[in-house]
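105 is the number of the first residue of the sequence shown in my numbering; add one for each residue after it.
Heads up, the beta-carbon is just placed ideally off N, CA and C, and yes, glycines get one too.
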Amino acid sequence: MSKKRLLVIEDDLDVAEMLIHYFTSQGFEVINALNGGDGIAMARSKFPNLILLDVMLPDMDGFDVCKVLRNTTLTKYIPITFLTQRDARADKVAGLELGADDYVTKPFDVEELRLRIQGSLRRSTREQLHDPRTGLPTSALVTEMRDAVMALPGLKQLNLQLLGLDAFRDKYGFVAADEALAFVGQTLSEAITKNGTPNDVAGVLGEDKYLIYTFCPDLNVFTDSLVKSFAEGAKKLYNFADSEQGYLVIPALENGADQHIPLMYLVATQAEVQTQTQQI
105 MSKKRLLVIE DDLDVAEMLI HYFTSQGFEV INALNGGDGI AMARSKFPNL ILLDVMLPDM
165 DGFDVCKVLR NTTLTKYIPI TFLTQRDARA DKVAGLELGA DDYVTKPFDV EELRLRIQGS
225 LRRSTREQLH DPRTGLPTSA LVTEMRDAVM ALPGLKQLNL QLLGLDAFRD KYGFVAADEA
285 LAFVGQTLSE AITKNGTPND VAGVLGEDKY LIYTFCPDLN VFTDSLVKSF AEGAKKLYNF
345 ADSEQGYLVI PALENGADQH IPLMYLVATQ AEVQTQTQQI
C-alpha cells in the first residue's frame, strides 16, 4: 500500500527532525516546511494526507495558516493537528473552531501523537472524504466543494481516465499498482498548483476515472501539461526494459501473436459542468 504523506509545518529544527525520523520509521512519507508560507505552498502542491501544524511560526501565526488552508478548496478537508506550547483552554477552542481535527500540546508523547494521527486518518477514510490510494477527495466531497464555487464565473470540468492500469497490475502486482494510483493523485494536485487556481479541485470517481473542476484561463495548456507530466513520471514506475521500449509485452496464447500494451497514460476530455458528480 502506498505511504501516507505527512506535512510537518514546524520551525524548531530539533522537533522537526525528531518527527521526520520517527514517522518515516513508521512508514510515512514526511515533508517539512519551516514557515507558514512554505507550508501552505506544500499543502497545495504535495496534497498530504495530514498536516502537523505548529502554532508559533516565524512568518505567520499557525491559526492564520489554518484559516488559509480551510478557505482554499484544494486543502479544505485535509486533516490538521495543531502542535503548540499554548495549553490554555481558549487556545484549544480557537484551534478547533478554525477546523483543526486535533490539538496536541508540547511536550508530547510521540507514540500518543502517532495514535492520534492514525485516528484522524481512519476517520477521514471512514467518512469517505478521501480515497485512501490517491489521497484525492471522493465524489461526494467533490460535489460539495464544486457547489461552493459553482456561482463563480469560468468554471470548467475536465474528465480523465487512466489507461493501462490493469496490465501494469498484472505484471507488477497490487502494491505497485497502489503506488501508481498515488502518483495519479500527486500529478493532478501538482497540475492544479502549477496551472490552476486556489479554487480548483481534483477528485476520484473510480479506480481509473478522475475529475477536475478548474478556473484556469487556458484549459488546453492545463491539460497538455498534466498529461505530459503523468506520462513522463509513469515511466519510472516500470523496469528499465519496459520503460525504454514504451510498452508491456503480453505473451501470446497458442497460435497467437504477442500483445503490446502501452505504458500507463491519461486521457483527458473537457465536459459540461455537471450538477451532480458520478458516484463511486
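Per the Cβ contact rule, the region 256-268 is in contact with the region 311-321 (3 or more Cβ pairs under 8 angstroms). Per DSSP, the beta bridge partners of Leu154 are Leu110. Relative to the Cα of Lys275, the nearest Cα in the group Thr291, Tyr126, Asp346 belongs to Asp346.
When rounded, the separation of the alpha-carbon atoms in Gly239 and Phe151 is 8 angstroms.
The three-state reading of DSSP puts Met122 in helix, counting H, G and I together. With fewer than three CB-CB distances shorter than 8 angstroms, the region 170-184 does not count as touching the region 322-331. For Phe186, the uninterrupted beta strand (DSSP E) segment begins and ends at 184-188. Segment contact: the region 127-135 against the region 301-310, fewer than three CB-CB distances shorter than 8 angstroms; contact not assigned.
Check the Cα spacing between Val246 and each of Val377, Ile113, Lys332, Gln363: the tightest is with Val377.
Beyond the five residues adjoining it in sequence on each side, Arg273 comes within less than 6 angstroms, by CB distance, of Ala281 in the same chain, given in chain order.
For Asp206, the secondary structure class from DSSP, reduced to helix, strand or coil, is strand. Uninterrupted alpha helix (DSSP H) stretches at least 4 residues long and entirely within the region 255-337 occur at 269-276, 278-299, given in chain order. Below 8 angstroms, enough C-beta pairs join the region 138-157 and the region 110-122 to call them touching: three or more.
For Glu133, same chain residues with a beta-carbon under 8 angstroms away, outside a window of 5 residues either side, are Lys107, Lys108, Arg109, Leu110 in chain order. Each residue's CA atom was taken as its position, placing Thr297 and Asp142 some 13 angstroms apart. Under DSSP, Thr242 takes part in a beta bridge, and its partners are Val308. Excluding residues up to 5 positions away in sequence, Val169, Val172, Leu173 lie with their Cβ nearer than 7 angstroms to the Cβ of Ile144 in the same chain.
For the options Ile155, Gly350, Glu283, Asp163, the alpha carbon positioned closest to that of Val208 is the one of Ile155. With 16 or more other CB atoms across the displayed protein chains lying within 10 angstroms of its CB, Met249 is buried. Counting along the chain, Ala356 sits inside no alpha helix (DSSP H), nor does DSSP assign it H or E at all.
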